[in-house]
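Here is the structure we will look at, set down as structure tokens.
There are 2 protein chains.
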Amino acid sequence: MRRVRRLALFSLCVNKKMTIVETQYITVANPPNELALRSGARLGPITIAYETYGKLNADKSNAILIVHAFTGDAHAAFYHKGDDKPGWWDEMIGSGRPFDTEKYFIICSNVLGSCRGTTGPASIDPKTGKPFGLSFPVITIPDMVTVQKSLIDHLGIKTLLSVAGGSMGGMQAAAWAVMYPQAIHSAVIIAACHRHTAQQIAFHEVGRQAVMADPDWQGGDYYGKTTPKRGLAVARMIGHITYMSESSMEQKFGRKLVKKDVLGYNFSKEFEVEGYLEYRGQSFVERFDANSYVYLTKAMDYFDLTENGRKLSEVLSVVTADILIISFTSDWLYPSYQSQAMLRALKANDVDVSYVELSSDYGHDAFLVEMEEQAKAVSNYLAKVYKERVS
Amino acid sequence: MRRVRRLALFSLCVNKKMTIVETQYITVANPPNELALRSGARLGPITIAYETYGKLNADKSNAILIVHAFTGDAHAAFYHKGDDKPGWWDEMIGSGRPFDTEKYFIICSNVLGSCRGTTGPASIDPKTGKPFGLSFPVITIPDMVTVQKSLIDHLGIKTLLSVAGGSMGGMQAAAWAVMYPQAIHSAVIIAACHRHTAQQIAFHEVGRQAVMADPDWQGGDYYGKTTPKRGLAVARMIGHITYMSESSMEQKFGRKLVKKDVLGYNFSKEFEVEGYLEYRGQSFVERFDANSYVYLTKAMDYFDLTENGRKLSEVLSVVTADILIISFTSDWLYPSYQSQAMLRALKANDVDVSYVELSSDYGHDAFLVEMEEQAKAVSNYLAKVYKERVS
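Chains as they are written, first to last, in our numbering: chain A, 1 to 391; chain B, 1001 to 1391.
Structure follows, in structure tokens:
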């Protein structure tokens, strides 16, 4: 039997009372001060979409940056006006929750290259007046972090209490610890890695090829025309298989049929798992831009803290933040051994590092759905860091 | 360090001396005696492509049927005229090899629904004079086995010494044991399962959707026109990720770059693993029919010895053959626990069953490349069965 670990819905209603939040925007890297990207290209101006929850205290010591995963956005918690669903990590953020808005000032921004408010390939290139498409420069995880640092500077925050995120968010948190060691007291790295493996690259490459094989992709120049929905849906379907564990898929779907008890002997969606993948693919193409899919997967594939042949322990020797690493037992996309490699290299540098491997059947999705234990670990950890480093 | 387990090339050259073999053909299920398929549809005539190696002995007691995997064919061993590559399981078949052609009469036929000689969706429908396309009936693993039984009958063989195969071949071997218990002395079920799980169905469904999303698929009616190469290549790329283990992919490719030591910051094939997947996808579309891809994956997804709510131990109670089950430690597509479920159910029925879990890094591909231990296990097993059941 699978235990239900989500926080009770009761708690959701009482605490949140459908608090309405709004996304805010700033523009940074205005010419001639464009952002110098890792690729050598320069990009600017850059719009950053972000949200904040809670209040920044007088000495600006209670700010936490939440960094989102691949297809996430700045809307991490609470409700947008008219929405009946809250932000993507709502169960972790709010009064009395791990990212406690009574204590902390929470910031979440959409990443560079996305399509959810921050500048990305679907944005208008000021030089041409048309969407960038593939003329958008290839961006990296460190580039995302540099843009986030601009936002933190804009908010007048010198040192973040923490940077926290799962999956691609965990990669950003790890990059923060290396790139801006003095600007963070801690980092929470969940279900992530310090470098993409061949298999992780392979799954992304197949997704990109699915998008690019769609004639509607048109070399990325599809804005205002038919979009590559079929290819993007296939790419997303592949992703969803890797986000679940074999076991959770079996428990949820098994060989259950959609409509009837007998096989149809045709190519309709017969198995529930087929219908689920179709639903996930179709709903994704309504909300996500195919080029952002291509650019963000590439950014993850490029992610390698040990690039240029450096040793991980050498790279992590600059880390001064306190680090919490969390992985999940059934996550085969970002397996625990990757978290443990970071743990070992941090320990070798005498960094204050804690590691928790949480038992879960949910696979990689666990960081979004396996709340109880994760909430405890994060809550205790933030209280500890605040006590040790700030108060 | 990975141990090299392939049989030495030396052995290949000495034993085989480029023995030339030819595919043969018979036609069965001629109207009005069409084959009654599991779906209720009837199909005939059916051409069967097959090859044989070695000699059938006088009492026809030394015949072994090799059943191939998904994209395999009847050409299991030796060389076709002009080829410089032997058949797909050549290292297992020949003089002094596990399927010893000095002792045994080896038969291998292409499965129903394939595109490699046996009737499938690319074949001409005699009723219309045009390729079947999607008017080809949905076929199942048991339908493949029924067609193989026709071939065995045609060859005048009452009881096979063994039926042996890996992956989809293992499913056929398991189906033989249940469908024709009196017609086989033994079955060798390698890297297979008794029913497809949700994750196995999911990977296949994504592959089918990749094919069907290609506008060139044209509802399966693409013969003589542009074929859905882009979609089929994507489908095959997904497959190849599942055939390798994470570890073998990391050892083979890691983050190695194709051409140079620095990242290109573009969407060319930069990582070796990307180039490998492209190569695999491209070479596949030259040799395989997209509709066969769709039909054969569906046949595997339908495979469930426990269909209609029956218990596996009940289904396997009819088995009288001696069974050898082999799985590989790193095979995450058909994990060992699936083999072990069959083992337990056979043991519960007091069937003579042996199980070997071989240590390998190669993932599901191990049954095609991890030869040394597999060869020993099969060789000893066949000798035992021949001694106990025939001589």
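The C-beta atom is built at its ideal place from N, Cα and C for all residues, glycine as well.
Note that the coordinates shown come from a computational prediction; the quantities given were computed from them, not determined experimentally.
query, result
"Validate contact between the segment 271–278 of chain A and the segment 1199–1211 of chain B using beta carbons, cut 8 angstroms, 3 pairs", "yes"
"Closest Cα partner of residue 122/A within the set 293/A, 61/A and 101/A", "293/A"
"Residue 358/A: first and last residue of the uninterrupted beta strand (DSSP E) it sits in", "353–358"
"Pairwise C-alpha distance: residue 142/A and residue 50/A", "18 angstroms"
"Closest Cα partner of residue 79/A within the set 73/A, 87/A and 54/A", "87/A"
"Below-8 angstroms beta-carbon distance, residue 1001/B vs any chain A residue", "In this prediction, residue 1001/B has a pLDDT of 34, which is less than 50 and means its spatial position is unreliable; what the coordinates show is noted afterwards. It does not; no Cβ of chain A falls within 8 angstroms."
"Burial state of residue 1381/B, where buried means 16 or more other Cβ atoms lie within 10 Å", "buried"
"Contact belief for residue 1353/B with residue 1347/B at Cβ below 8 angstroms, rounded distance in angstroms", "6 angstroms"
"Amino acids of chain A, ordered along the chain, whose beta-carbon sits closer than 8 angstroms to that of residue 1298/B", "267"
"Contact set between residue 1203/B and chain A, taken where Cβ atoms lie within less than 7 angstroms", "241"
"Proximal residues of chain B, C-beta to C-beta of residue 274/A below 8 angstroms", "1201, 1202 and 1205"
"Contact between the segment 1148–1164 of chain B and the segment 1114–1129 of chain B (3+ Cβ pairs under 8 angstroms)", "no"
"Extent of the continuous alpha helix (DSSP H) run through residue 1153/B", "1141–1154"
"Nearest-angstrom beta carbon gap, residue 289/A and residue 115/A [assumed within contact, 8 angstroms]", "4 angstroms"
"Interface residues of chain B facing residue 77/A [CB-CB closer than 9 angstroms]", "Ordered by position in chain B, no residue passes the 9 angstroms Cβ test against residue 77/A, which lies about 31 angstroms from the chain."
"Cβ-heavy atom distance, residue 83/A to the ligand SAM, below 7 angstroms", "The ligand SAM is absent from the structure shown, which contains no ligand whatsoever."
"Three-state secondary structure (DSSP) of residue 3/A", "The predicted model places residue 3/A with a pLDDT of 39, which falls under 50 and marks its position as unreliable; any figure quoted below should be read in that light. Coil, per DSSP."
"Residue 1351/B, buried or exposed, once every other Cβ within 10 Å from all chains shown has been counted against 16", "buried"
"Unbroken alpha helix (DSSP H) run spanning residue 1277/B, endpoints", "1272–1287"
"CB contact check: residue 171/A to chain B, cutoff 8 angstroms", "no"
"DSSP-derived helix/strand/coil call for residue 1027/B", "strand"
"Residue interval of the alpha helix (DSSP H) (run including residue 1324/B)", "Here residue 1324/B belongs to no alpha helix (DSSP H); instead the beta strand (DSSP E) covers 1322–1328."
"Buried/exposed call for residue 1437/B, threshold 16 Cβ in 10 Å", "Because chain B spans 1001 through 1391 in this model, residue 1437/B falls outside it and cannot be assessed."
"Per-residue DSSP class, three states only, for residue 1052/B", "strand"
"Residue from 1385/B, 1359/B and 1383/B whose Cα sits closest to the Cα of residue 1373/B", "1359/B"
"Opening and closing residue of the beta strand (DSSP E) in which residue 67/A lies", "63–67"
"Residues from the segment 1176–1202 of chain B in contact with chain A, defined by Cβ distance under 8 angstroms", "1195, 1196, 1197, 1198, 1199, 1201 and 1202"
"First through last residue of the alpha helix (DSSP H) which encompasses residue 367/A", "366–369"
"Cβ-Cβ separation, residue 1257/B to residue 1270/B (assumed contact under 8 angstroms), whole Å", "6 angstroms"
"Close Cβ partners of residue 13/A (< 6 angstroms) along its chain, the five nearest in sequence each way excluded", "Because residue 13/A carries a pLDDT of 46, less than 50, the predicted location of this residue cannot be relied on, and no value is offered for it."
"Inter-residue spacing [alpha-carbon to alpha-carbon] between residue 1206/B and residue 1131/B", "25 angstroms"
"Straight-line gap, residue 1393/B to residue 1317/B (C-alpha atoms, nearest Å)", "Because residue 1393/B is not part of the residues shown, which for chain B are 1001 to 1391, the question remains open."
"Touch test, the segment 1297–1308 of chain B against the segment 1135–1149 of chain B, Cβ-Cβ under 8 angstroms, three pairs minimum", "yes"
"Extent of the continuous beta strand (DSSP E) to which residue 1186/B belongs", "1186–1190"
"Secondary structure of residue 1079/B, DSSP reduced to three states", "strand"
"Buried/exposed call for residue 1001/B, threshold 16 Cβ in 10 Å", "Residue confidence is low: residue 1001/B scores 34 on pLDDT, short of 50, so the model does not pin down where it sits. Its coordinate-derived value is still stated next. Classification of residue 1001/B: exposed, given that the 10 Å Cβ count is below 16."
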